[in-house]
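I have placed the structure first, in the form of structure tokens, so that the comments after it can refer back to it.
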Amino acid sequence: MKQSMSFIPTLREVPADAEIKSHQLLLRAGFIRQNASGVYSFLPLGKRVLQKIEAIIREEMDRAGAIELFMPALQQAELWQESGRWYSYGPELMRLKDRHDRDFALGATHEEVITALVRDEVKSYKRLPLTLYQIQTKFRDEKRPRFGLLRGREFIMKDAYSFHASQESLDEVYNKMYEAYANVFRRCGLNFRAVIADSGAMGGKDTHEFMVLSDVGEDTIAYSDCSDYAANIEMAPVITTYERSDEPHAPLEKVHTPEQRSIEEVSQFLQVPKEKCIKSLLFKVDDRYVLVLVRGDHEVNDVKVKNILEATVVELATPEETKQVMNCEVGSLGPIGVSDDVLVLADHAVKAIVNGVCGANEAHYHYKGVNPDRDFVAQYADVRFIQEGDPSPDGKGTIRFARGIEVGHVFKLGTRYSEAMNATYLDENGRMQPMIMGCYGIGVSRTLAAIAEQYNDEHGLIWPTAVAPFHVHLISVNPKVDEQRKLADEWYIRLQQEGFEVLYDDRAERPGVKFADSDLIGLPVRVTIGKRVSEGIVEVKVRKTGETEEVHVSQLVETLR
Ligand code: ATP
Ligand code: MG
Ligand code: MG
Ligand code: MG
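At position 137 of the sequence shown (counting the first as 1) the number is 464 in this note's numbering, and the numbers step up by one without a gap.
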């Protein structure tokens, strides 16, 4: 590509609102431009890197037996209502209405769409397993879009979904995907680590995140200093105290609270200090139900396990016990929000303790005189997250912390979506069974930024060859000199014929500007045609090491290979 005809608007100054290296350099080197908060255009160079990453992903997905398709970003609300996530996903889901006042969402993820698609087309075990993937734009109205492409509100994701007739089949594909992910990130040149991730419930070994190690990462990885153990600290709660309470449930006074209320409203209505209010979350862990009473003020739909820094965990051995304690049917705790394995109780099931007030699990009523430990506790424990210096949960070594950028996530979903959305197949005995599912995501645009974050120096970006927008930056120092321009024009063609992707700086700019831009853009090698042109000598410079070499053009292809 001739630079004179391209669109690479470089900047000398560091953009004021870009806090981290990758964001600054991608802007300065003309790879991206911000459109709105968390919304970016990919300029020609950025687009080429995306395509390189996507090509690597496609190769690895195809090798793992996944088939590409493309699904809509515009998704009808009905599907999200079927899965329950219309109610639980919260403000991150971009919602809109069409001209007929029908509700839609912009796809934050595609479990609903693909489950509906496969449900309608696949009826027999003979068609399973099936793994499908797409590379597509996702929309999430992030609370804090930041760090450029690292946390956007519109971003590119590769998402894959697998459907199975047995757990063994899911395990097999999960392992293949795990391998494929490791290959993708290795080929992108990233220094990364796969870590045990939070499955949305306590524990959960069936999900891993791929973390690029970086100080600007928003996740904390807890790893052992002498084994392979590595986990997102979100998934490593440590139980510090554990006691049994055999007190009977006390009789409680019921108060009418006329409208559905948030914690905040309840605290106002019943004149309860807000910090004493708690929220309850019900988790299902295998056959166990865990009720977590979370202290503090939380948005109903924005509650995540990571918010449980100080919580009381109530373990309920069986659904029956849960029913008894919660005083209602499990699964009918009012409008329950369902997010992955986490059931989030809606407003009127929210408990506010103050010498006690709590939701009565009945619309518009709260109990007074509640002592949660006495009234709601079968067993309880205080949880905190794992800390540096703790013994490693695998018994080997001591826990250390590192920061990570989550670039990929593989997850065994089980029948969470197929049951909610009725995606069934007929097994060998003609019996109807819910499909067992897995899902696998890679943040493609985030991966681009993560590479930029790991590969740069004070002069600019330093692209690994596998994902570089071009392989060679060919520069004619002064195109006004006929001899220089002619040789550069000639080698621009010849290098491409030899299979190199060439960015050719044919602009009539000062050499200083060209070299500075070249370092900023960061292609792996620079070939400069300058004053020794009459001898047929050019300069080859390796961007990463800064090493330069004078080479006769007859040796150029060999040198570059
Ligand atoms: P995070 O914890 O960073 O919010 P997530 O766990 O919500 O990410 P997933 O639902 O697991 O994300 O989505 C799969 C992948 O999509 C992530 O591993 C990440 O690489 C990418 N991704 C998620 N959110 C964003 C975003 N806002 N901007 C860019 N990439 C994202
Ligand atoms: Mg997120
Ligand atoms: Mg995450
Ligand atoms: Mg994730």
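Every residue, glycine too, gets a C-beta built ideally from N, C-alpha and C.
Note that the structure is predicted; figures quoted are calculated from it, not measured.
CB contact flag (residue i, residue j, <8 Å)
i: G365; j: G479; result: yes
i: G787; j: I713; result: no
i: M764; j: Y744; result: yes
i: S349; j: G544; result: no
i: E395; j: Q461; result: yes
i: G392; j: A793; result: no
i: L801; j: D832; result: yes
i: H798; j: V860; result: no
i: L353; j: I359; result: yes
i: A443; j: L406; result: yes
i: T534; j: V500; result: no
i: L455; j: L775; result: no
i: P796; j: L372; result: yes
i: Y271; j: S333; result: Absent from the model: residue 271. The displayed extent of the chain is 328 to 888, so no value can be given.
i: S554; j: D721; result: yes
i: V449; j: F490; result: yes
i: I347; j: L370; result: no
i: L540; j: F519; result: yes
i: V878; j: W818; result: no
i: I864; j: A815; result: no
Residue i in three-state terms, based on DSSP
i: D846; result: helix
i: F512; result: helix
i: I294; result: No answer is possible for residue 294: the residues shown for the chain start at 328 and end at 888.
i: E561; result: helix
i: P371; result: helix
i: P838; result: helix
i: T855; result: strand
i: G716; result: coil
i: D784; result: strand
i: R355; result: helix
i: E885; result: helix
i: E536; result: strand
i: I778; result: helix
i: M328; result: coil
i: D541; result: The amino acid at residue 541 is misidentified as Asp; the sequence shows Ser. If DSSP states are grouped into helix, strand and coil, S541 belongs with coil.
i: Y505; result: helix
i: K871; result: coil
i: V522; result: strand
i: D447; result: helix
i: S273; result: The structure shown has nothing for residue 273, since the chain only spans 328 to 888.
i: D546; result: strand
i: S496; result: helix
i: H583; result: strand
i: E817; result: helix
i: R454; result: helix
i: I380; result: helix
i: V617; result: With a pLDDT of 49 at V617, under the threshold of 50, the predicted position of this residue should be treated as unreliable, and no value is reported.
i: L830; result: strand
i: K348; result: helix
i: S554; result: coil
i: V366; result: strand
i: L476; result: helix
i: T337; result: coil
| query | Considering only residues of the region 383-442, which uninterrupted alpha helix (DSSP H) runs meet the minimum length of 4 residues and lie entirely inside it, listed in chain order? | reply | 404-410 and 412-415
| task | Check whether the region 376-386 touches the region 801-811, taking contact to mean three or more Cβ pairs, one atom from each stretch, closer than 8 Å. | result | no
| said: Quick check for students: name the residue ranges of the beta strand (DSSP E) that lie wholly in the region 724-764, counting only runs of 3 or more. | reply: 726-741, 751-753 and 759-761
| query | Among all residues, which have a Cβ less than 7 Å from at least one non-hydrogen atom of ligand 6, and in what chain order do they fall? | reply | In the structure on display, ligand 6 does not appear, and the ligands it does have are ligand 1, ligand 2, ligand 3 and ligand 4.
| message | Closer than 8 Å is the cut-off here; do at least three beta carbon pairs connect the region 405-414 with the region 436-452? | response | yes
| task | May I ask you to verify whether the region 864-878 touches the region 828-840, counting CB pairs closer than 8 Å and requiring at least 3? | result | no
| task | Inspect the CB distances between the region 768-786 and the region 497-506 and report whether three or more fall short of 8 Å. | result | no
| Touching or not, the region 766-784 and the region 734-748, by the rule of three or more beta carbon pairs under 8 Å? | The region 766-784 makes contact with the region 734-748: 3 or more CB pairs, one atom from each, lie closer than 8 Å.
| query | Contact between the region 463-471 and the region 480-491: three or more CB pairs below 8 Å? | reply | yes
| query | If you scan the region 790-814 from start to end, which runs of the beta strand (DSSP E) of 3 or more residues do you find wholly inside it? | reply | 799-803
| said: Using a Cβ distance threshold of 8 Å, determine whether the region 746-757 contacts the region 717-727, with at least three qualifying pairs required. | reply: no
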